[in-house]
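Visitor: Please read through the structure below; I'll follow up with questions.
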Amino acid sequence: MPSPEEITRHYEWEPPEGEEIRVDGGPTPGPIDIVDPDPEWPHVYATVADRIRDALGASVVDLDHIGSTSVPGLPAKPVIDIDLTVADSADEAAYVSALEAAGFRFLLRETGWHEHRLFAHDDPPTNLHVFSPDCPEVIRHRMFRDWLIDNPDDLALYRDAKLESAAAANMAGEHVIEYDLRKQPVIREIYDRMFRANGLI
């Protein structure tokens, strides 16, 4: 189990010099498409989760619907975000080819950030994040989702930050990366409030 310090640390990670993290493709330019909440998103997640379990079988340690589409009432990009936990995310031979056979594209390899791997699926649009057990980032994702569900004021604060950041990013012709950076201060404000409420800081 990660320590409170590991869970509450906001990582400012840069890839090691000379390391290429991108496996396939590049950032998609705007517009950043934020849509109204869709009650079908949990059902879409369940369909993708079944596809992942069918592909990997017992290699799936855990699966979680995370991100804005996992929070009822929250506008979002219409892309399902999923955390997949496997025994060792650095052991690509154990899962990459099976996921690719199921239609997932291997996009990123971030060895310096919890050995994170990122895959995408186009139908339905999905971002699949692969981590190892007891990863602090997975814990943070779950906590943030549940906090927004239970705290309508912070859900509204985050909703407004998303909409304002998307509008500004689109006006500037920016990528999703810049959109994420624009809303980061509000995300960290909510995280810190959540951590204090849970006695972690």
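The sequence shown begins at 2 in our numbering and counts up one residue at a time. In this text, a Cβ means the ideal position worked out from N, Cα and C, and glycines have one as well.
1) What is the DSSP secondary structure of H11, counted as helix, strand or coil?
2) What's the gap between the Cα of F107 and the Cα of T127?
3) Do you know how far the Cα of V87 is from the Cα of Q58?
4) Going by DSSP, which residues form a beta bridge with E111?
5) Going by beta-carbon coordinates alone, are D155 and L149 separated by less than 8 Å?
6) Using C-beta distances below 6 Å, list every residue in its chain close to D89, excluding the 5 sequence neighbours before and after it, in chain order.
7) Going by beta-carbon coordinates alone, are H176 and D84 separated by less than 8 Å?
8) Rounded to whole angstroms, what is the Cα-Cα separation between M172 and L158?
9) On the three-state DSSP scale, how would you describe I81?
10) Between the alpha carbons of S98 and V24, how many angstroms are there, rounded?
11) So, for T70: in the same chain, excluding its five sequence neighbours on each side, which residues have a beta-carbon less than 6 Å away from its beta-carbon?
12) Buried or exposed: where does I35 fall if 16 or more other Cβ atoms within 10 Å of its Cβ makes it buried?
Guide: Taking the geometry as given:
1) coil
2) 12 Å
3) Here the sequence assigns Gly to residue 58, which means Gln is not the residue at that position. Taking the straight line from one Cα to the other gives about 11 Å.
4) H117
5) For the pair D155 and L149, the CB atoms are nearer than the 8 Å cut-off.
6) Around D89, the same chain offers S133 as residues with beta carbons nearer than 6 Å, after the five sequence neighbours per side are excluded.
7) Between H176 and D84, the CB-CB gap reaches or exceeds 8 Å.
8) 21 Å
9) strand
10) 14 Å
11) W42, A77 and I81
12) buried
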